[in-house]
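Number of protein chains: 2
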Amino acid sequence: MSAPLHERIRAGIEAEILSGTLAPGARLPVEHELMRLHSCSRMTVSKALSALASAGLIERRKRAGSFVARPKVHAMVLDVPDLGAEVIGRGQAYAYRLLGRRMRAPRDEEEKLLAGKGRLLQLDGLHLADGMPLALEHRLVALAAAPEMAEADFSAEAPGSWLLHHVPWTEAETRISAVNADDASADLLGLDPGAALLSVERRTWRGGERITSVRQLFVGSAYDLVARFGPS
Amino acid sequence: MSAPLHERIRAGIEAEILSGTLAPGARLPVEHELMRLHSCSRMTVSKALSALASAGLIERRKRAGSFVARPKVHAMVLDVPDLGAEVIGRGQAYAYRLLGRRMRAPRDEEEKLLAGKGRLLQLDGLHLADGMPLALEHRLVALAAAPEMAEADFSAEAPGSWLLHHVPWTEAETRISAVNADDASADLLGLDPGAALLSVERRTWRGGERITSVRQLFVGSAYDLVARFGPS
DNA sequence: CGATCGATTATGTCTATACATTATAGGCGG
DNA sequence: CCGCCTATAATGTATAGACATAATCGATCG
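Line by line, the protein sequences give chains A and B.
Using our numbering, read the first sequence as starting at 441 and increasing by one per residue.
Using our numbering, read the second sequence as starting at 441 and increasing by one per residue.
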């Protein structure tokens with residue numbers, strides 16, 4: 441019942457926008473009007489409007505007033521799951537099987553950029569759900585950014601999960617595409633060659649420094665990425 | 441040079457967090473300390489801290505102080521592009537070719553849910569970039585939510601773009617997966633049967649009312665979805 | 001010794017006011 | 001009629017203070 445006043449004002453205007461009562465492009469009451477409506481000070485309505493503005497719902501223009509933003513390119517929220525947690529959350533047994541582990545020097549420009557001054561740790565593995573192959577993972581880690589990783593044991597915890605808990609990223613970029621399985625991948629995943637795979641490539645940074653680069657190949661029929669937008 | 445004071449304070453603390461100077465869990469100076477440091481009022485530092493808190497970078501606890509949040513970043517931002525704008529942005533020519541258009545009654549439970557009290561408009565089409573097939577689109581629109589759409593002309597503007605500008609959504613859910621092309625789809629996209637396709641299924645709402653449901657099949661090798669997280 | 005309870009300290013909200021900034025509208029001159 | 005220019009109306013930033021709220025620490029009492 442007793443949410444803060446600025447929050448109630450914000451929610452009220454948000455509801456009017458989402459319901460369409462306030463159409464895109466519509467001008468909403470000026471701050472002094474809202475002050476009068478809610479019998480409060482200007483700082484309070486300003487706080488409500490600032491929140492709406494930073495959420496992209498309205499646009500504020502000096503001298504002109506505040507307007508409902510025209511919905512441009514919408515953005516959605518894509519969950520970046522810890523794969524293990526995700527599988528267990530679906531009630532399946534999760535396992536990670538390490539297939540290969542090498543420490544080596546960077547081989548090309550892209551890898552040099554990742555490695556920085558140090559060497560690279562290459563980790564190949566298989567994610568399993570209820571014993572069935574779910575995804576094939578090829579990962580490169582910059583040892584300069586995560587030196588402790590050279591000694592880590594990945595029989596219990598997958599590298600992705602280990603990294604998330606020890607060297608969390610602050611920036612990341614994900615590319616999602618579809619590819620046909622080559623013979624080796626198909627064999628490891630227990631599929632026919634040519635089967636459709638969902639490819640998720642992710643590069644992560646921590647304050648400008650590259651941490652890791654990973655490519656996960658999901659069995660197309662066994663995994664969906666889900667993104668959402670809206671009042672959760 | 442002269443960014444607002446609260447913004448400079450916010451940026452300063454953000455930088456310390458991202459660089460690791462302030463480690464996760466660390467307590468940061470109390471508001472009165474920051475007031476003294478920057479010779480400003482409490483409202484100003486409070487504004488800076490509020491921004492950091494709403495961005496999830498810090499956690500504020502009464503009586504205890506403010507702490508750098510332990511990073512449990514699970515979400516990234518996925519742009520939902522207007523496909524035409526996206527293609528043109530890459531410097532290619534964009535076209536949409538309507539393949540089929542029918543008005544009909546809902547056929548199953550899922551479609552009934554979408555249609556509401558009205559009928560459905562089914563639109564099948566092909567997105568082209570520089571004359572090459574980019575994606576096959578199968579769309580169902582609830583005419584109850586967008587009656588004007590029955591008369592719209594889709595030779596100039598794709599249905600997705602039309603909808604975005606006329607009946608913008610407020611909630612959406614996207615499922616992304618990979619599938620092998622069936623014979624008909626492969627033929628329309630100019631691919632061999634079995635080629636990997638990126639399947640993007642999206643359902644949208646406007647304040648509780650279903651608007652449209654679309655499945656886009658992208659040529660796997662020609663299109664990447666990109667998601668980002670981090671200080672833009 | 002342990003549980004409870006109050007004092008203290010931090011954040012949370014709000015007011016009233018002041019001045020800065022900026023885009024617009026409308027007037028004024030050419 | 002057009003272009004400049006200024007007054008004005010809106011938001012943006014900041015101050016100082018008041019009271020609310022919540023959690024923690026420590027002291028007191030059973």
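Ideal placement from N, C-alpha and C gives every residue a C-beta, glycine not left out.
Just so we're clear, the structure is a prediction, and the values are computed from it rather than from any experiment.
Practice task
Enumerate in chain order the residues of its own chain whose CB-to-CB distance from Ala584/B is below 6 Å, with the five nearest sequence positions on each side excluded.
Solution key: Counting only Cβ-Cβ distances below 6 Å, and skipping sequence neighbours, we find Gly556, Lys557, Gly558.
Exercise for the section: Count the other C-beta atoms from every protein chain shown that fall within 10 angstroms of the C-beta of Pro599/A, then say buried if there are 16 or more, exposed otherwise. Expected result: Burial state of Pro599/A is buried, judged by a 10 Å Cβ sphere holding 16 or more other Cβ atoms.
Handout entry: 6 Å CB neighbourhood of Ala495/A in its chain, flanking five on each side removed
Key = When the five nearest sequence neighbours on each side are left out, no beta carbon in the same chain lies closer than 6 Å to the beta carbon of Ala495/A.
Practice task
Decide if Pro573/A is buried, meaning its Cβ has at least 16 other Cβ atoms within 10 Å, or exposed.
Solution key: That one is buried.
Exercise for the section: Identify which residue in Ala592/A, Gly524/A, Ala533/A has its Cα closest to the Cα of Arg541/A. Expected result: Restricting attention to Ala592/A, Gly524/A, Ala533/A, the CA atom closest to the CA of Arg541/A is found in Ala592/A.
Handout entry: Neighbour-count burial assignment, Ser672/A, 16 or more Cβ in a 10 Å radius
Key = Bear in mind that the predicted position of Ser672/A carries a pLDDT of just 48, short of 50, making it too unreliable to give a figure here.
Problem - Helix, strand or coil at Ser672/A according to DSSP, with G and I counted as helix - result: Note that Ser672/A has pLDDT 48, beneath the 50 cutoff, so the model's placement of it is unreliable and the number below is only indicative. Ser672/A falls in the coil class under three-state DSSP.
Exercise for the section: Enumerate, from N- to C-terminal direction, the unbroken alpha helix (DSSP H) stretches of 4 or more residues contained entirely within the region 445-510 of chain B. Expected result: If we require 4 residues or more, the alpha helix (DSSP H) runs fully inside the region 445-510 of chain B come out as 445-459, 471-478, 482-494.
Practice task
Determine the extent of the alpha helix (DSSP H) in which Leu583/A is found, giving its start and end residues.
Solution key: Bounds of any alpha helix (DSSP H) do not take in Leu583/A, whose DSSP letter is neither H nor E.
Practice task
Decide if Glu611/B is buried, meaning its Cβ has at least 16 other Cβ atoms within 10 Å, or exposed.
Solution key: Around the Cβ of Glu611/B, a 10 Å sphere holds 16 or more other Cβ atoms; the residue is buried.
Problem - Host beta strand (DSSP E) of Trp602/A (start-end) - result: In the DSSP assignment, Trp602/A falls outside any beta strand (DSSP E) and lies within the alpha helix (DSSP H) extending over 599-606.
Handout entry: is_contact[Leu583/A, chain B] using C-beta, thresh 7 Å
Key = Among the CB atoms of chain B, none fall inside 7 Å of the CB of Leu583/A.
Problem - Sequence-distant residues of the same chain with beta carbon closer than 7 Å to Pro630/B, five excluded per side - result: According to the sequence displayed, residue 630/B carries Gly and not Pro. So the list reads Pro573, once near-sequence residues are dropped.
Problem - Within chain B, partners of Arg668/A - CB distance below 9 Å - result: Proximity of chain B to Arg668/A at the Cβ level (cut-off 9 Å) is accounted for by Glu611, Ala612, Glu613, Thr614, in chain order.
Handout entry: Under the three-state DSSP convention, the category Asp564/B falls into
Key = In the displayed model, Asp564/B falls within a strand according to three-state DSSP.
Exercise for the section: Find the nearest neighbour of Arg530/A within the set Thr644/A, Asp570/A, Arg476/A, judged by alpha-carbon distance. Expected result: Scanning Thr644/A, Asp570/A, Arg476/A for the CA closest to the CA of Arg530/A turns up Asp570/A.
Handout entry: Backbone secondary structure at Ala612/B - three-state DSSP
Key = In the displayed model, Ala612/B falls within a strand according to three-state DSSP.
Handout entry: Residue range of the beta strand (DSSP E) that includes Val520/A
Key = Here Val520/A belongs to no beta strand (DSSP E), and DSSP marks it neither H nor E.
Problem - Under 9 Å from the C-beta of Pro599/B: neighbouring residues of chain A - result: None at all; the shortest Cβ gap to chain A is about 16 Å.
Practice task
Take Arg476/B as the anchor and find which of Phe594/B, Ile449/B, His578/B, Leu580/B has the nearest alpha-carbon.
Solution key: Nearest to Arg476/B by C-alpha distance, out of Phe594/B, Ile449/B, His578/B, Leu580/B, is Ile449/B.
Practice task
Verify the CB distance criterion: does Ser672/B have a CB-CB separation below 7 Å to chain A?
Solution key: Residue placement at Ser672/B is flagged as unreliable, the pLDDT there being 49, under the threshold of 50; the coordinate-derived value follows with that caveat. Among the residues facing chain A, Ser672/B is not included, as its CB has no counterpart in that chain under 7 Å away.
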